[in-house]
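Colleague: Here you go, one structure.
In the working numbering, the protein residues as written are 189 to 601.
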């Protein structure tokens, strides 16, 4: 889209909202703390945990490229975002005990751990958004990759999770009386591989375990881990079985998976000993699989974007649909109440701005762009939370898509 597009009234309205957003909740002006793995000009902290503790509620932590220790974040709204193009790797991290009015977002960050759970979200009443992340524990003999416990609204967008050897990639757990719900858009979950040449360990791990919680998956691939084998000099060769795609666990609250355009497969069994492979099942255990009609829709943005640079928004829908942009505060997802009406949960709420982006062209992707103007005197940046709406005018219906969070920054940061 060329620079003259900024004068388009619809896009001008979008620019106006984004530029003035710093003046009104839920887009309140935020302090931005620059964190680096090593000392460098402009870096305020090289210890991520110290930055987390020093940041005021609602602040943005801008992470420069590098490997960091993990963090422990209890009861505070914060936004973590990687510098554009930077590879940011964090070790074991925990988001814990958010109140209902607190939000944490993690964008463009990789998590890993040699021994522990790479990322755990526990007892968070408020929303947690994870976007463009990778948690690849595939080469580690660790305790796990991603665990979500007693948290009613965790959103994963374009996030890849690979389980450690023998282990599950994504664990969704609701203890007695609690609620855990996860919304996954355009994600990939892969179970940990079985160990080869290790006694009693050739069987692979599952991709997803749901223990009393619920998972909505749209445009997502779920696959169990591939098996290993063990050739015992006394007892002979053992072939491992592939891991399940989804393992439901019996719980007081029934486990449920709602799937839209999502593949669920077991992992491959080993054939190393010459016997037929025993592949893992797609699903196993006492749970419910609910199909959701329709094909996924999405909003994809570049983030963060500094003053003077171009912000882009890509609306992925069906040709002829009217694309709208809903900007609001992250809320606890609507869950099953909207799955069949809008083919997606509602993830943002009041105060709400709804802007018209335009009609989706035959390519299926409507692109919009604008140059970020000056944010205002003393404004270091702010985070915007949005979800696309695609209206089918002839059918008088609408479908929601994968959400996006984007951060606008002052030029000097």
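Glycine included, every Cβ here is placed at the ideal spot set by N, Cα and C. In this text the structure is predicted, and so the values were computed from the model without any measurement.
1) Using C-beta distances below 6 Å, list every residue in its chain close to residue 275, excluding the 5 sequence neighbours before and after it, in chain order.
2) Cα separation between residue 501 and residue 348?
3) Can you tell me which residues form a DSSP beta bridge with residue 409?
4) Whose C-beta lies closer than 6 Å to the C-beta of residue 431 among residues of the same chain, with five residues either side of it excluded?
5) Rounded to whole angstroms, what is the Cα-Cα separation between residue 341 and residue 316?
6) Output the residue ranges of the alpha helix (DSSP H) runs that lie fully inside the segment 284 to 339 and measure 4 residues or longer, sorted by chain position.
7) Tell whether a beta-carbon distance below 9 Å holds between residue 218 and residue 247.
8) Whose C-beta lies closer than 6 Å to the C-beta of residue 260 among residues of the same chain, with five residues either side of it excluded?
9) Below 8 Å on the Cβ atoms is my guess for residue 511 versus residue 505; work out the distance and round it to an integer in Å.
10) Would the segment 550 to 567 and the segment 466 to 484 be scored as touching if the rule is three or more Cβ pairs under 8 Å?
11) Distance, Cα to Cα, residue 286 vs residue 338?
12) Within 10 angstroms of its Cβ, does residue 251 collect 16 or more other Cβ (buried), or is it exposed?
13) Among 365, 364, 381 and 360, which has the Cα closest to the Cα of residue 371?
14) Per DSSP, which residues does residue 369 bridge with? Please list them.
15) Is it true that the segment 483 to 491 meets the segment 570 to 588, where meeting means three or more beta-carbon pairs spaced less than 8 Å apart?
16) Closer than 8 Å by C-beta to residue 578: which residues in its own chain qualify, once you throw out the five before and the five after it? Chain order, please.
17) According to DSSP, simplified to helix, strand and coil, what is residue 237?
18) Please state whether the Cβ-Cβ distance between residue 446 and residue 524 is less than 9 Å.
19) Could you tell me whether the segment 232 to 242 touches the segment 290 to 298, where touching means 3 or more Cβ pairs closer than 8 Å?
20) Please identify the residue among 332, 350 and 343 whose C-alpha is closest to the C-alpha of residue 324.
21) What residue from 596, 531, 279 and 538 has the CA that sits closest to residue 304's CA?
22) Distance check for residue 483 and residue 550, CA to CA, integer angstroms please.
23) Could you say which of 270, 272, 249 and 284 lies nearest to residue 263 if we only look at CA atoms?
24) Just curious, the beta strand (DSSP E) that residue 343 is in, first and last residue?
25) Compute the Euclidean distance between the alpha carbons of residue 369 and residue 352, then round it to the nearest angstrom.
26) Hey, how far is the Cα of residue 448 from the Cα of residue 310?
27) What are the boundary residues of the beta strand (DSSP E) that residue 558 is part of?
28) Compare the Cα-Cα distances from residue 528 to each of 406, 442 and 516 and report the closest residue.
29) Alpha carbon to alpha carbon, how far is residue 366 from residue 336?
30) Please classify residue 363: does DSSP put it in a helix, a strand, or coil?
31) What do you reckon, are the CB atoms on residue 416 and residue 390 nearer than 9 Å?
32) Strictly by DSSP, which residues pair up with residue 251?
Modeller: So, from the listed chains and residues:
1) Excluding positions up to five away in sequence, the list reads 253.
2) When rounded, the distance between both Cα atoms is 22 Å.
3) Answer by DSSP bridge pairing, in chain order: 376 and 451.
4) Here the set comprises 379, 392, 393, 394, 412, 413, 455 and 468.
5) Each residue's alpha carbon lies about 6 Å from the other.
6) Runs of the alpha helix (DSSP H) inside the segment 284 to 339: none found.
7) With respect to the 9 Å criterion, residue 218 and residue 247 are classified as neighbours on the basis of their beta carbons.
8) Excluding residues within five positions, the ones whose Cβ falls inside 6 Å are 282.
9) The C-beta distance from residue 511 to residue 505 rounds to 6 Å, short enough to meet the 8 Å contact threshold.
10) The segment 550 to 567 makes no contact with the segment 466 to 484, as fewer than three CB pairs between them are under 8 Å.
11) The alpha-carbon atoms of residue 286 and residue 338 are separated by roughly 11 Å.
12) Label assigned to residue 251: buried.
13) Comparing Cα-Cα distances from residue 371 to each of 365, 364, 381 and 360, the minimum goes to 360.
14) Looking at the DSSP output, residue 369 sits in a beta bridge with 402.
15) A contact between stretches requires three or more CB pairs, one per stretch, nearer than 8 Å, and the segment 483 to 491 meets this requirement with the segment 570 to 588.
16) Once the five neighbours on either side are set aside, the close Cβ partners of residue 578 are 485, 503, 505, 506, 509, 510, 511, 512, 548, 586, 587, 588 and 589.
17) The answer is helix: DSSP assigns residue 237 an H, G or I state.
18) For the pair residue 446 and residue 524, the CB atoms are nearer than the 9 Å cut-off.
19) At 8 Å Cβ cutoff, the stretches do not touch.
20) Closest option to residue 324, Cα to Cα, is 350.
21) Answer by Cα proximity: 279.
22) Between residue 550 and residue 483, the C-alpha separation is close to 16 Å.
23) The candidate whose alpha carbon is nearest that of residue 263 is 284.
24) DSSP places residue 343 in the uninterrupted beta strand (DSSP E) bounded by 342 to 345.
25) Their Cα atoms are separated by approximately 23 Å.
26) The alpha-carbon atoms of residue 448 and residue 310 are separated by roughly 26 Å.
27) Note, residue 558: beta strand (DSSP E), 553 to 559.
28) Proximity to residue 528 across 406, 442 and 516 peaks at 406, based on C-alpha coordinates.
29) Their backbone Cα atoms lie some 12 Å apart in a straight line.
30) Residue 363 carries a coil assignment under DSSP once its states are collapsed to helix, strand and coil.
31) A contact, by the Cβ cut-off of 9 Å.
32) For residue 251, which the question treats as bridged, DSSP gives the partners 223 and 270.
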